[in-house]
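Engineer: From first to last, the protein sequence lines stand for chains A and B.
This note's numbering puts the first residue of the first sequence at -11, with every later residue one more than the last.
This note's numbering puts the first residue of the second sequence at 51, with every later residue one more than the last.
Can you read through this structure? Questions will come right after.
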Amino acid sequence: MTIYGVALLALCSLVGLVAGEALGFVLGVKANVGGVGFAMLLLLFLTDWLKREGRFTAPSAGGVMFWSAMYIPIVVAMAAQQNVLGAIKGGPLAFLAGAIGVGASFAMIPFLARLGRPKKKDGA
Amino acid sequence: MSDVIYQALLKNGLLVAFAVVGALTWVSYFISDRFTRGRLHGSAIAVFGGLLLAYVGGVAAGGKNGIADLPMFAGIGLLGGAMLRDFAIVATAYGASFADLKRSGLPVVIALFAGIIVSFICGAGVAVAYGYRDAVSITTIGAGAVTYIVGPITGAALGATSDVMALSIAAGLVKAILVMIATPLVAKSIGLDNPHTAMIYGGTMGTNSGVSAGLAATDPKLVPYGVMAATFYTGLGCLLGPSVLYFATRLIFPG
């Protein structure tokens, strides 16, 4: 049933987010550390296991895939509630501080990606 | 009559949001097809359209939540809020490859540190160029260039002034928005077309909203890999900001 997939997804999300909050608390940080990441790993692990047991049926998978497909619309809605005005009002200092960091980060990606690509023509 | 309609829309905010986002998506794909021959992805245009709506909403309502501050569009706040965003992001992991995730583990850790430190230095450097000389302000603005969550958390921990906090948040917002817009444009030139690079990208850029929207507009298949890495960025930034990064800044600016 579709709800089984949705419920499993919700359970994984909740467990992951709670774990992220707990890790943040232990580290003394006021932020969720890795919650979504833990939830993703848990979902991967559980669906894999249930599929092998033959207990994750197509309708159940549909409950997960619907939300996966809703991801982009949700991101569009997220964009529509960003504080764009606040970013613009920050003036040139805020703009430069953000933009230079973004440019430098983008520039690093090809090097970092090459650094850590194992097995394929290991140059280093 | 118009009041009746308005009340009905108010009461069904989430449905209004579905309809608005659906319409925006349709227009975006139409523009993508007709005017860019598909070269600029429809979802990239849709995200940009969302940002435009956010600007309009910010001007009209004067709040911090873009279009969602207008009562009629409050449903956008629910649809695009943290709860459903995280829920849908977790769902994208379904079908991702365990092996790909594991293989990139250590490089991602390096990317996380490199991304945070470089963003911080850039932000802090701009703060110094604009005449800030006290370690607290410089650190807070630098932390804002990491993400708009790391900035205020660091600032609050260090006791930064409210105008510096505002600048710090604004720097983080600029970053998130630029990452959303620029990712699909630079994807080709940085080789962002495989799970490994997507994870490095997520770890280096880190801003959750930026990474999730940027990858959605580039290749939705890469979303889980990038977001998986990015999910540790803000937390690590909050850890480093008020501690290591602040101490390092104070060494240079002992004011």
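Virtual Cβ for every residue (Gly too), placed ideally from N, Cα, C.
#1: Under three-state DSSP, which class holds Leu362(B)?
#2: Given that Lys77(A) touches chain B, what residues does it touch there, using C-beta distances under 8 Å?
#3: Does DSSP classify Lys18(A) as helix, strand or coil?
#4: If we count the other Cβ atoms within 10 Å of its Cβ and call it buried at 16 or more, is Met122(B) buried or exposed?
#5: My guess is that Thr284(B) and Thr142(B) are in contact by the Cβ rule of under 8 Å, so how many angstroms apart are they, rounded?
#6: Indicate whether at least one CB of chain A lies closer than 7 Å to the CB of Arg135(B).
#7: Note down, in chain order, every chain B residue with its Cβ under 7 Å from the Cβ of Lys18(A).
#8: Under a Cβ-count criterion, where at least 16 other Cβ atoms within 10 Å of its own Cβ denotes burial, should Phe94(A) be classed as buried or exposed?
#9: Under 8 Å between beta-carbons, which chain A residues line up against Met122(B)? List them in chain order, please.
#10: When the Cβ atoms of the stretch 22 to 34 of chain A are set against those of the stretch 76 to 94 of chain A, are three or more pairs found closer than 8 Å?
#11: Taking the alpha helix (DSSP H) that Ala146(B) falls in, what are its first and last residues?
#12: Check whether the stretch 58 to 65 of chain B touches the stretch 175 to 187 of chain B, taking contact to mean three or more Cβ pairs, one atom from each stretch, closer than 8 Å.
#13: Determine the contact status of Ala104(B) and Ile95(B), defining contact as a CB-CB distance below 7 Å.
#14: Using 8 Å for Cβ pairs, my map puts Ile188(B) next to Ala174(B). What's the rounded Cβ distance?
#15: If you draw a straight line from the alpha carbon of Gly111(A) to that of Pro157(B), how long is it in whole angstroms?
#16: Does any CB atom of chain B fall closer than 7 Å to the CB of Val(-6)(A)?
#17: Short of 8 Å in beta carbon distance, which residues of its chain neighbour Gly99(B), apart from the five on each side in sequence? Order them along the chain.
#18: Which residues in chain B have a C-beta closer than 7 Å to the C-beta of Pro98(A)? List them in chain order.
#19: Relative to the alpha-carbon of Gly130(B), which residue among Thr268(B), Val70(B), Met255(B) and Asn244(B) has its alpha-carbon at the smallest distance?
#20: I'd like to know whether the C-beta of Thr281(B) is nearer than 7 Å to at least one C-beta of chain A.
#21: Helix, strand or coil: how does DSSP classify Ala124(B) here?
#22: Could you spell out where the alpha helix (DSSP H) holding Met79(A) opens and where it closes?
#23: Pro47(A) CB to nearest chain B CB: under 7 Å?
#24: Please report whether the beta-carbon of Tyr79(B) lies at a distance below 7 Å from any beta-carbon of chain A.
#25: Quick check: what's the CA-CA separation for Lys18(A) versus Thr190(B)?
#26: Flag this pair as touching only if the stretch 52 to 72 of chain A and the stretch 200 to 215 of chain B have three or more C-beta atom pairs under 8 Å; answer yes or no.
#27: Hey, how far is the Cα of Ser56(A) from the Cα of Ile139(B)?
#28: Taking Gly148(B) as the query, report the chain A residues whose CB atoms sit under 9 Å from its CB, ordered along the chain.
#29: Report the rounded CA-to-CA distance for Val294(B) versus Val106(B), giving the unit in angstroms.
#30: Hey, is the stretch 147 to 162 of chain B in contact with the stretch 63 to 72 of chain A, meaning 3+ C-beta pairs nearer than 8 Å?
#31: Is it the case that the CB of Val21(A) approaches a heavy atom of the ligand FAD more closely than 6 Å?
#32: Using a C-beta to C-beta distance shorter than 7 Å, which residues of chain A count as neighbours of Tyr56(B)?
#33: In whole angstroms, give me the CA-to-CA distance for Gly194(B) and Val159(B).
#34: Return the CA-CA distance between Gly114(A) and Thr257(B), expressed in angstroms with no decimal places.
#35: For the candidate residues Leu289(B), Ile302(B) and Leu301(B), whose alpha-carbon lies nearest to that of Val14(A)?
#36: Would you report the Cα separation of Ile121(A) and Val236(B), rounded to the nearest angstrom?
Structural biologist: From the atom records:
#1: This structure cannot settle anything about residue 362(B), because the visible part of chain B is limited to 51 through 305.
#2: Ala220
#3: coil
#4: exposed
#5: The C-beta distance from Thr284(B) to Thr142(B) rounds to 19 Å, too long to meet the 8 Å contact threshold.
#6: yes
#7: Ile203 and Cys288
#8: buried
#9: Correct list: empty, because the minimum Cβ distance to chain A is about 13 Å.
#10: no
#11: Annotation for Ala146(B): no alpha helix (DSSP H) segment contains it, and DSSP assigns it neither H nor E.
#12: no
#13: no
#14: 5 Å
#15: Model confidence at Gly111(A) stands at a pLDDT of 42, short of 50, so the residue's coordinates are unreliable; what they give is reported in the following sentence. Distance between the alpha carbons of Gly111(A) and Pro157(B) is about 15 Å.
#16: no
#17: So the list reads Leu74, Val77 and Ser78, once near-sequence residues are dropped.
#18: Ile240 and Gly241
#19: Val70(B)
#20: Yes, contact with chain A.
#21: In this structure, Ala124(B) counts as helix in the three-state DSSP scheme.
#22: At residue 79(A) the sequence reads Gly, which differs from the Met that was named. First-last of the alpha helix (DSSP H) with Gly79(A): Gly79 to Leu103.
#23: no
#24: no
#25: If you take the alpha carbons of Lys18(A) and Thr190(B), they lie about 15 Å apart.
#26: Output reads no: the stretch 200 to 215 of chain B does not touch the stretch 52 to 72 of chain A.
#27: 7 Å
#28: Rather than Gly, the amino acid found at residue 148(B) in this sequence is Phe. Near Phe148(B) (Cβ distances below 9 Å), the residues of chain A are Leu29, Leu32, Phe33 and Asp36.
#29: 39 Å
#30: no
#31: Ligands displayed in this structure: none; no statement on the ligand FAD is therefore possible.
#32: Simply none; closest approach about 20 Å.
#33: 21 Å
#34: With chain A covering only -11 through 112, there is no way to say anything about residue 114(A).
#35: Leu289(B)
#36: Because residue 121(A) is not part of the residues shown, which for chain A are -11 to 112, the question remains open.
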